[in-house]
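In UniProt numbering, the protein residues as written are 1 to 295. Read the structure below first, then the notes.
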């Protein structure tokens, strides 16, 4: 059957999607935007999102989702993988110079996932001053302690806990997940959202500055974590998450001198405009894999 420009079919417990372009699982899952996807020996990726465990394979324009059906694809995975967006158009918009052309070519299969905003917020609170393997382990442990068990091919996986589930966490137990000093931030966020002090759903209807400030009401959330939350949940695409390392990358590639965080944000806003988030992700992946900006 046809669905929004794709040919999709069900094969047992598997959905096969044809005509998928601009998609590389390595680029998508290893570019730093998500923490629940694990590469398998055959090159596929297994992960948990929106309470589902699924295995993802891709080859020659064909996307294969195991442990899924057509309704799952329509209701969850089409949006999650941002398959309604023409990334060839996005690439044209951000390839404004030779640096971006090289970055886009290097990470040509990146798509920005539309992740659950609650999970994204907590994941990037955990990411502050942290390394990706440790972030992944902590997010997985939080899911194992507090989330709902889901199954795929006889294996147990765990959904990321809801606001209500995580609001019941005790500090001593939460500390066992490896979140360290961030535990108090996680508990604070769960309490504020559960009690209705802050609504995460409201950010989509706000302008970007207002949405960023809204998220920064949470303890442990500065501009970088707020922008990551907005970008990787699909709430806003005109943000340019900037930490000390991204700052060094931009100084090396564009400014050729020291620049302030404010100057980098202003440059990204003026230069890339509404596509700043896409540009940042291509640059981030390109710079990280090529050790640009490394001390």
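Where is the CB? At the ideal position from N, CA and C, for every residue including glycine.
Nearest in C-alpha terms to residue 74, of all of 2, 129 and 192, is 2. In this structure, residue 61 keeps its C-beta atom at 8 Å or more from the C-beta atom of residue 100. The three-state reading of DSSP puts residue 10 in strand, counting E and B together. Membership of residue 118 in the alpha helix (DSSP H) is indicated by the continuous run 117-127. Boundaries of the beta strand (DSSP E) harbouring residue 49: 45-49, taken from the DSSP string. When C-beta atoms of the segment 23-38 are compared with those of the segment 91-100, fewer than three pairs fall below 8 Å, so the two segments do not count as touching.
Secondary structure of residue 4 (DSSP, three-state): coil. Taken atom to atom, the span from the alpha-carbon of residue 227 to that of residue 63 is near 29 Å. Taking C-beta atoms under 8 Å as the contact rule, residue 23 and residue 111 qualify, at a distance of about 6 Å. Take residue 237, set aside five residues on each side of it, and the residues of its chain with a beta-carbon closer than 6 Å to its own are 277, in chain order.
Its chain contains 216 as the residues whose beta carbon lies nearer than 7 Å to that of residue 222, once the 5 sequence neighbours on both sides are disregarded; these appear in chain order. The way I'd put it, the segment 168-182 does touch the segment 136-154; three or more beta-carbon pairs between them come closer than 8 Å. Our two residues, residue 254 and residue 153, have alpha carbons roughly 48 Å apart in a direct line.
In this structure the segment 67-86 touches the segment 42-52; the number of beta carbon pairs closer than 8 Å is three or more. Spanning the alpha carbons of residue 4 and residue 137 requires a straight line of approximately 36 Å. Looking at the DSSP output, residue 139 shares a beta bridge with no other residue. Judged by beta-carbon spacing, residue 93 lies within the 8 Å limit of residue 275, meaning their Cβ atoms are closer than that value. Taking 8 Å as the cut-off, the beta carbon of residue 231 is found no closer than this to the beta carbon of residue 203. In the three-state DSSP reduction, residue 246 falls in the helix class (H, G or I). The continuous alpha helix (DSSP H) containing residue 103 extends over residues 98-106. Our two residues, residue 9 and residue 195, have alpha carbons roughly 43 Å apart in a direct line.
The beta carbon of residue 250 lies closer than 6 Å to those of 264 in the same chain, with the five residues before and after it left out.
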